[in-house]
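Counting in our numbering, the sequence shown runs from 15 upward without gaps. We put the beta carbon where it would ideally sit given N, CA and C, even for glycine.
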Amino acid sequence: MQNIAIIGAGQMGSGITQYLAMNAINVTLIDYKESNIERASSNIENGLTKLVLKGKISEERKLQVLSCIQCSTSLEICREVDLVIEAIPEILEKKESLFRKLSEIMTETSILATNTSSLSITKLGSMFIDPSRVIGLHFFNPAFIMPLVEVIRGLETSGDTLEKITAFIIAINKEAVFVKDQSGFIVNRILISMINEAIFVLQEGIATPEEIDKAMKLGSNQPMGPLELADFIGLDTCLSIMETLHSNLGEDKYRPATLLRKYVEGNRLGRKTKKGFYTY
Ligand SMILES: NC(=O)c1ccc[n+]([C@@H]2O[C@H](COP(=O)([O-])OP(=O)(O)OC[C@H]3O[C@@H](n4cnc5c(N)ncnc54)[C@H](O)[C@@H]3O)[C@@H](O)[C@H]2O)c1
């Protein structure tokens, strides 16, 4: 797969774009907001410049990587690519409307992969013209560093789609785990539940954010504390995942903490709005 379109120039879309371009794949990054494309492009360029300054890559290599990236506000390019990776917000209605539009644009052989963290691949597949070509391809943040990709097959995903995606993951040097189509897959079911529990600990006044993060870093050998990590992921994304776990798995233990809801209502979304459990 040499021509790929990525839809959604947010944290994940821009990270995946950078990683694929670093693997000499031609990528078109699409977003309906021009300003988000500009922000993503300058983040990618600044990130590569830092690598040049640290002596990790040459200026020539940086230019090579940048030359693999195109940007667009139109979905039209999806007609010409082998693979579309969707990385728009974790809201079913938004993904549904996009999948319906893509049904009229994508060719009969190209694959539609979704980077969803928790939504059902089977459900998303049913919103596309051909569910056999829809698959979950869940990258982690930052996508150009984290080695893991969770691969999720929906009810109708074909063996051919799975085979092509597996070959693609090997070609781009990522590590795959294959997971059944259940909410949160492996990582987020465990990780976001832990973050939610940390928010309960904060909400109950048991400790400050700094103490909670310090305790989990030094007491359980995690590189980042759960609240710091929640700010990094985005509190809106964390809330959407908890809501999906709660409604799909139906157990009270997945109830989102009230404080998480409050912060999202107040647009305290973490690093992306410069305020979450910490101020940036
Ligand atoms: N943030 C994380 O750590 C993380 C990790 C793994 C997976 N994910 C998943 O990746 C997806 C994206 O998350 P994110 O954190 O990058 O979101 P984000 O909010 O940072 O970015 C989403 C982008 O999509 C754009 N967008 C929205 N609707 C669009 C449309 N119809 N067409 C084109 N562009 C559109 C927005 O303008 C925005 O730039 C979600 O499904 C999320 O669950 C997130």
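Under a Cβ-count criterion, where at least 16 other Cβ atoms within 10 Å of its own Cβ denotes burial, should S261 be classed as buried or exposed?
Position 247 of the sequence shown holds residue 261. Label assigned to S261: exposed.
Can you tell me whether DSSP reads V193 as helix, strand or coil?
Counting from 1 along the sequence shown, the entry for residue 193 is found at position 179. The answer is strand: DSSP assigns V193 an E or B state.
If I follow the unbroken beta strand (DSSP E) through V163, where does it start and stop?
Along the sequence shown, read from residue 1 onward, the residue named residue 163 stands at position 149. V163 -> beta strand (DSSP E) spans L162 to R167.
Could you name each continuous alpha helix (DSSP H) segment of 4 residues or more that falls completely within the segment 111-159, going from the start of the chain to the end?
List check, alpha helix (DSSP H) in window: 135-139.
Within 10 Å of its beta-carbon, does D250 have 16 or more other beta-carbons around it, so buried, or fewer, so exposed?
Working through the sequence shown from its first residue, we reach residue 250 at position 236. Buried.
Measuring only the C-alpha atoms, how far is M26 from E242?
Along the sequence shown, one-based indexing puts residue 26 at 12. Along the sequence shown, one-based indexing puts residue 242 at 228. Distance between the alpha carbons of M26 and E242 is about 18 Å.
Taking the alpha helix (DSSP H) that C252 belongs to, which residues open and close that run?
One-based indexing of the sequence shown puts residue 252 at position 238. From DSSP, the alpha helix (DSSP H) with C252 extends over L249 to L263.
Got a sec: does ligand 1 put a non-hydrogen atom nearer than 6 Å to the Cβ of G150?
Here residue 150 is taken as the residue at index 136 of the sequence shown, counted from 1. The answer is no for G150.
Let me check understanding here. Comparing Cα to Cα, which of K70, L89, L77 and E59 lies closest to I20?
Position 6 of the sequence shown holds residue 20. For the residues K70, L89, L77 and E59, the minimum Cα distance to I20 belongs to L89.
Indicate the three-state DSSP secondary structure (helix, strand or coil) for K289 in the structure shown.
Stepping through the sequence shown from its first residue, residue 289 is reached at position 275. Of the three classes helix, strand and coil, the one that applies to K289 here is strand, per DSSP.
In whole angstroms, what is the alpha-carbon distance linking T136 and G290?
Indexing the sequence shown from 1 puts residue 136 at position 122. Indexing the sequence shown from 1 puts residue 290 at position 276. Cα-Cα distance, rounded: 33 Å.
Cβ-heavy atom distance between T258 and ligand 1 below 6 Å?
As a first step, residue 258 must be located in the sequence shown, where it is residue number 244. For ligand 1, not one heavy atom lies less than 6 Å from the Cβ of T258.
What is the DSSP secondary structure of C323, counted as helix, strand or coil?
With the chain covering only 15 through 294, there is no way to say anything about residue 323.
Is it the case that the CB of A289 approaches a heavy atom of ligand 1 more closely than 6 Å?
Here residue 289 is taken as the residue at index 275 of the sequence shown, counted from 1. Per the sequence presented here, residue 289 reads as Lys, with Ala not at that position. Result no, Cβ not under 6 Å from ligand 1.
Using a Cβ-Cβ cutoff of less than 6 Å, which residues in the same chain neighbour L169 once the five nearest sequence positions on both sides are dropped?
Indexing the sequence shown from 1 puts residue 169 at position 155. Only T136 meet the Cβ criterion.
Just the C-alpha distance for E48 and I220, rounded to the nearest angstrom, thanks.
Residue 48 sits at position 34 when you count from the first residue of the sequence shown. Residue 220 sits at position 206 when you count from the first residue of the sequence shown. So the alpha carbons of these two residues sit roughly 43 Å apart.
Of the choices L283, M120, Q196 and L67, whose alpha-carbon is the least far from that of C252?
Residue mapping note: residue 252 aligns to position 238 of the sequence shown, counting from 1. With distances taken between Cα atoms, C252 lies closest to L283.
Run the CB neighbour count on N129, radius 10 Å, all protein chains shown included, and call it buried at 16 or more, exposed below.
For the purposes of this step, residue 129 is taken as residue 115 along the sequence shown, with counting starting at 1. Counting Cβ neighbours within 10 Å, N129 comes out buried, since at least 16 surround it.
What does the Cβ neighbour count give for N202, buried or exposed, with the cut at 16 atoms within 10 Å?
Walking along the sequence shown from the start, residue 202 turns up at place 188. The residue in question, N202, is buried, as its Cβ has 16 or more Cβ neighbours within 10 Å.
State buried or exposed for P270, treating a residue as buried only when at least 16 other CB atoms are found within 10 Å of its CB.
Position 256 of the sequence shown, counting from 1, holds the residue named residue 270. Buried, by the Cβ-count rule.
Helix, strand or coil for I209 per DSSP?
In the sequence shown, counting from the first residue as 1, residue 209 sits at position 195. Helix at I209.
Are the beta-carbon atoms belonging to E164 and F113 less than 7 Å from one another?
Taking the first residue of the sequence shown as 1, we reach residue 164 at position 150. Taking the first residue of the sequence shown as 1, we reach residue 113 at position 99. No; because the gap between Cβ atoms is not below 7 Å, this pair is not in contact.
Does the segment 22-39 come close enough to the segment 52-59 that 3 or more CB-CB pairs lie under 8 Å?
Yes: at least three Cβ pairs fall under 8 Å.
Hey, how far is the Cα of L116 from the Cα of K70?
Looking up residue 116 in the sequence shown gives position 102. Looking up residue 70 in the sequence shown gives position 56. One C-alpha to the other measures close to 38 Å.
Would you grab the beta carbon distance between I51 and R93 for me? Rounded to a whole angstrom, and I think it's under 8 Å.
On the sequence shown, position 37 is the one that residue 51 refers to. On the sequence shown, position 79 is the one that residue 93 refers to. Contact flag wrong, Cβ pair sits at about 19 Å.
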